[in-house]
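Engineer: Handing you this structure, nothing more for now.
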Amino acid sequence: MATWTWPLSVRANRTVEQHCEDFLDQASAAMAQPERRKTMDMLGLLMPLMRGQAVADFGDFEGLRQHVRAIRQHTLDNLDHYLPKFEQEALSNGNRVHFARSGEELNSIVLGICQQHKARRVTKGKSMVTEETALNDYLLKAGLAVVETDLGEYIIQQAGETPSHIVAPAIHKPVAEIRQLFLDKHALGERELETAADMVTESRQVLREHFLASEVGIIGANALVAENGYSLLVTNEGNGDLCATLPPVLIVCTTMERIVPRTRDALALVRLLARSAVGQSISCYTSFYSGPRRADEQDGPLETHIVLLDNHRSEILASDYREMLQCIRCGACLNHCPVYVAAGGHAYGAVYPGPVGSVLTPLLSSLEEAQLLPNACTSCGRCEEVCPAAIPLPQLLRDLRHEEFRTGLTAGRWRLGLRLHAWVAGHPRLYRYATGLGIRLLHRLGRKKGGFRHLPLAGGWTSQRDLPAPQGGTFSQLYARRQRDRDDD
Amino acid sequence: MTDEARREILTRVRGSCRGAGAVRIGEELNALGRSPVAQLPDPDLAVSFLYHVFRNRGSAALARDRSEAVRVIGRYLYERFRSHKLVAGNDSRLAALPWRDGGVLPRFGIAQDGDQAALSYASAAAAECGSVFLVTGKGNPASNNLLPEDHLVLVDAGDLRPDLDQALELAQSGPAGQARPRGINIISGPSSTGDIALQLVQGAHGPRRWHVVLVGDLAADTLVRARQLAGFTQSEE
Chain A
148 MATWTWPLSV RANRTVEQHC EDFLDQASAA MAQPERRKTM DMLGLLMPLM RGQAVADFGD
208 FEGLRQHVRA IRQHTLDNLD HYLPKFEQEA LSNGNRVHFA RSGEELNSIV LGICQQHKAR
268 RVTKGKSMVT EETALNDYLL KAGLAVVETD LGEYIIQQAG ETPSHIVAPA IHKPVAEIRQ
328 LFLDKHALGE RELETAADMV TESRQVLREH FLASEVGIIG ANALVAENGY SLLVTNEGNG
388 DLCATLPPVL IVCTTMERIV PRTRDALALV RLLARSAVGQ SISCYTSFYS GPRRADEQDG
448 PLETHIVLLD NHRSEILASD YREMLQCIRC GACLNHCPVY VAAGGHAYGA VYPGPVGSVL
508 TPLLSSLEEA QLLPNACTSC GRCEEVCPAA IPLPQLLRDL RHEEFRTGLT AGRWRLGLRL
568 HAWVAGHPRL YRYATGLGIR LLHRLGRKKG GFRHLPLAGG WTSQRDLPAP QGGTFSQLYA
628 RRQRDRDDD
Chain B
26 MTDEARREIL TRVRGSCRGA GAVRIGEELN ALGRSPVAQL PDPDLAVSFL YHVFRNRGSA
86 ALARDRSEAV RVIGRYLYER FRSHKLVAGN DSRLAALPWR DGGVLPRFGI AQDGDQAALS
146 YASAAAAECG SVFLVTGKGN PASNNLLPED HLVLVDAGDL RPDLDQALEL AQSGPAGQAR
206 PRGINIISGP SSTGDIALQL VQGAHGPRRW HVVLVGDLAA DTLVRARQLA GFTQSEE
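One line per chain: the protein sequences are A and B, in this order.
What the first sequence shows, in my numbering, is residues 148 to 636, in sequence order.
What the second sequence shows, in my numbering, is residues 26 to 262, in sequence order.
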């Protein structure tokens, strides 16, 4: 492999960036791209169906969900016991264990390890933690060649973009864009590149060279087992296992809330993960790794490091948002969220999009910076229904919106409107009178055409669709009528 | 930096936890019981296991004994590659196979880039999701699971367990699994990806094909029942 030269593209920093302050503009831009919408629509349709089938096939899925939730809660309640226990076991397995308070500290630790080994070439498995710390940019600036090996991550790295989904990072890219990207980036001459299979074959060929030539492999972890110091890695491609097997140095970048007490708890999590993420009963590769290669082994890393990132997680542990630390990063809440499916992941302008990201981003950065995200929610509740960790996402989003209001971040006209609504809603008679009056008025004004194309104070609604004229009274009136009818019967 | 960070993080974590003792924590953990496992699609373990192998886009064959297993492997290699070459780990069970019966020419050791096929001997297998358990070491270098075009796995029917937990227990009870091996690889299909517009393609980085040979005294219709249950016709499998 001595003749292999690393393409310039793996040295390039990201060129496309989004920011969560621009959520609305980014969402509008994404919805105006019909080619990109096709795959997102397919995601929103297919993934819930596939998950639903996998859940039905399992049997007692709700029992499994509640079991894993109880285990995760127990672990977080006793993290002061399990974190040192994991560290001790991982050390005794021959790992070096590092703690990083911030993303910068993690990046600096990883770079230090690479420099210590005079490494120039790094292959990476998919890791949202290193997306969070922008590790690639940090290593690239220091002169290292870093290549992502998960196909989706590789595609967006070549495109200079960020992931738009935590499980399927390139879901937003149509096939034609990927084909052109490969034609532009790979100097492989004339070849067939018509189908997805052709493109997979090409990336396999290019990335195989990287695996064989790199000096450092970096992966994440789906779970860390306190009782024996093993880390769990789940992939369908096997790229993470190649990163954990071929380079002489392995660095596992992870966080403390991945800890579970026992191997059997990690297996319970495995039962939930692939079913929730993509409707598979299990991913193709589920691996437990303990540390460096043993004396009789012919492959495996000679040196292994585990870097545990905090980055505000200890603050989340101490807060009312602790349940967020139960998240297993399956992406089910994204696949079932009408806002995510319509707007796409880049609209969120954050590492973690969708419902999970709308809660996590303000906690990992600040509510000031990410205040729009908790509002990117229709309160439909599907995310909570499908969350394998049973995290009450809609409630946490409401709490963040309440926090936004309480700390004065909400815009003045919204504050006024909300105060007015709260006051009226606090006076039931007035509320019933006002809503009854409003309904009657709208009914009269709209009865001719059956709806409204324009309506003062409701421009957000009528800019996209007509508002149907109300029929038959308010909810309270209909409810009271139904009660009366029932009593008469 | 890392010592100071460690101290700070552990102090913060302690401040948010209740400081319970190890015994009490252990009791509370045990009281949470065991995880429910997936219901099996068929009362027969072998049928359920193979059902999942097919659903996971693997292929499978049956063999009554080790001699037939070698013949099955030989036929597979010839049909796929017009070759009888194979890489196999330094596993005593693999070394003891009657290779001449199938005309197979194994090279014992670690797979290299460019090898077409590797054979592993599973330490255990789980019917719950069609998974085989491989323990890293000289008997099965992890490269053998990952680098070749095709990965073949021998599974003794007696090593089949209903669920992942029991299979892992069995894998760890063998000589290779006893001293916390570097890796325990649970493999449940060929390397695959859906990262290009959700189109499923096999052979993302690792094997394009994953072929399981189940060895034991099994009912003759085991394979057919599993295939039918998985909704595949013979030509699709």
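Heads up, the beta-carbon is just placed ideally off N, CA and C, and yes, glycines get one too.
Can the beta-carbon of S311(A) be found closer than 8 Å to that of T382(A)?
Structural biologist: For S311(A) and T382(A), no; Cβs fall outside 8 Å.
Engineer: Based on Cα-Cα distance, which residue from D443(A), G478(A), R612(A), L567(A) lies nearest to P316(A)?
Structural biologist: G478(A)
Engineer: Any C-beta of chain B sitting closer than 8 Å to the C-beta of N383(A)?
Structural biologist: yes
Engineer: C530(A) to G501(A), Cα distance in whole Å?
Structural biologist: 9 Å
Engineer: Can you tell me the Cβ-Cβ gap for L380(A) and A391(A), rounded? I've got them flagged as a contact below 8 Å.
Structural biologist: 7 Å
Engineer: How far does the beta strand (DSSP E) with Y499(A) in it reach, from first residue to last?
Structural biologist: Neither: Y499(A) is in no beta strand (DSSP E) and is coded neither H nor E.
Engineer: In chain B, what lies closer than 8 Å to P408(A) by C-beta?
Structural biologist: Ordered by position in chain B, the residues that pass the 8 Å Cβ test against P408(A) are L54.
Engineer: For H100(A) and L371(A), what's the separation of their Cα atoms in angstroms?
Structural biologist: The first residue shown for chain A is 148 and the last is 636, placing residue 100(A) beyond what the model contains.
Engineer: Return the CA-CA distance between Y487(A) and L507(A), expressed in angstroms with no decimal places.
Structural biologist: Approximately 15 Å, taken between the alpha carbons.
Engineer: Determine the DSSP secondary structure at E337(A), reduced to helix, strand or coil.
Structural biologist: coil
Engineer: Could you check how far apart the C-beta atoms of L520(A) and I463(A) are, in whole angstroms? I think they sit under 8 Å.
Structural biologist: That belief does not hold up - the Cβ atoms of L520(A) and I463(A) are roughly 16 Å apart, past 8 Å.
Engineer: Considering D181(B), what are the terminal residues of the beta strand (DSSP E) in which it resides?
Structural biologist: 175 to 181
Engineer: Under 8 Å between C-beta atoms, does P61(B) make it to chain A?
Structural biologist: yes
Engineer: Please tell me whether L449(A) and R460(A) are closer than 8 Å, where the distance is taken between their beta carbons.
Structural biologist: no
Engineer: Tell me which residue opens and which closes the beta strand (DSSP E) that A149(B) is part of.
Structural biologist: 149 to 151
Engineer: For the beta strand (DSSP E) containing C400(A), name the first residue and the last one.
Structural biologist: Bounds of the beta strand (DSSP E) holding C400(A) are 396 to 402.
Engineer: May I ask you to list, following chain order, the residues of the segment 417 to 436 of chain A that have a beta carbon less than 8 Å from some beta carbon of chain B?
Structural biologist: Legend: CB atoms of the segment 417 to 436 of chain A lying less than 8 Å from CB atoms of chain B belong to residues V417, R418, V425, Q427, S428, I429, S430, C431, Y432, T433, S434, F435, Y436.
Engineer: Verify whether the separation of the beta carbon atoms of P187(B) and L70(B) is less than 8 Å.
Structural biologist: The criterion of a C-beta distance shorter than 8 Å is satisfied by P187(B) and L70(B).
Engineer: Let me see if you follow: with CB-CB separation under 8 Å, is N482(A) close to chain B or not?
Structural biologist: no
Engineer: Under 8 Å between the Cβ atoms of V257(A) and I366(A)?
Structural biologist: no
Engineer: If you measure from the CB of A424(A), is any heavy atom of the ligand FMN nearer than 7 Å?
Structural biologist: The ligand FMN is not part of the structure shown, which contains no ligands of any sort.
Engineer: Give a yes or no on whether the minimum CB-CB distance between A251(B) and chain A is below 8 Å.
Structural biologist: It does not: the Cβ of A251(B) has no partner Cβ on chain A nearer than 8 Å.
Engineer: Hey, is S156(A)'s beta-carbon within less than 8 Å of any beta-carbon in chain B?
Structural biologist: A caution first: S156(A) carries a pLDDT of 40, below 50, which makes its placement in the model too unreliable to give a value.
Engineer: What residues from chain A crowd round D138(B), counting only those whose CB sits closer than 7 Å?
Structural biologist: R355, L359
Engineer: Between the Cα of A217(A) and the Cα atoms of Y580(A), L416(A), D204(A), which residue gives the shortest distance?
Structural biologist: If you compare the alpha carbons of Y580(A), L416(A), D204(A) with that of A217(A), the shortest gap goes to L416(A).
Engineer: For P321(A) and chain B, any beta-carbon pair shorter than 8 Å?
Structural biologist: Taking Cβ atoms only, chain B reaches closer than 8 Å to P321(A), which makes this a yes.
Engineer: Could you have a look at A113(B) and say whether DSSP puts it in helix, strand or coil?
Structural biologist: strand
Engineer: Is it true that the segment 227 to 238 of chain B meets the segment 269 to 276 of chain A, where meeting means three or more beta-carbon pairs spaced less than 8 Å apart?
Structural biologist: no
Engineer: Could you check whether the Cβ of P200(B) sits closer than 8 Å to any Cβ belonging to chain A?
Structural biologist: Closer than 8 Å: no.
Engineer: How should Y76(B) be labelled, buried or exposed, when 16 other C-beta atoms within 10 angstroms of its C-beta is the threshold for buried?
Structural biologist: Buried is the call here.
Engineer: Looking only at its chain, what residues have a beta carbon closer than 6 Å to the beta carbon of H357(A), apart from the 5 residues adjacent to it on each side?
Structural biologist: T270, V294
Engineer: From this set, L190(A), Q618(A), A247(A), which residue's C-alpha is nearest R594(A)'s C-alpha?
Structural biologist: Answer by Cα proximity: Q618(A).
Engineer: Need the endpoints of the beta strand (DSSP E) that G364(A) sits in, please.
Structural biologist: Boundaries of the beta strand (DSSP E) harbouring G364(A): 363 to 366, taken from the DSSP string.
Engineer: Excluding the five sequence neighbours on either side, which residues of its own chain have a C-beta within less than 7 Å of the C-beta of W153(A), listed in chain order?
Structural biologist: The predicted model places W153(A) with a pLDDT of 40, which falls under 50 and marks its position as unreliable, so this point remains unresolved.
Engineer: Just mark H493(A) as buried or exposed, buried being the case when its beta carbon has 16 or more other beta carbons within 10 Å.
Structural biologist: buried
Engineer: Counting only the same chain and skipping the five closest in sequence on each side, list residues whose C-beta sits under 8 Å from that of F205(A).
Structural biologist: L211, R418, R422, S428
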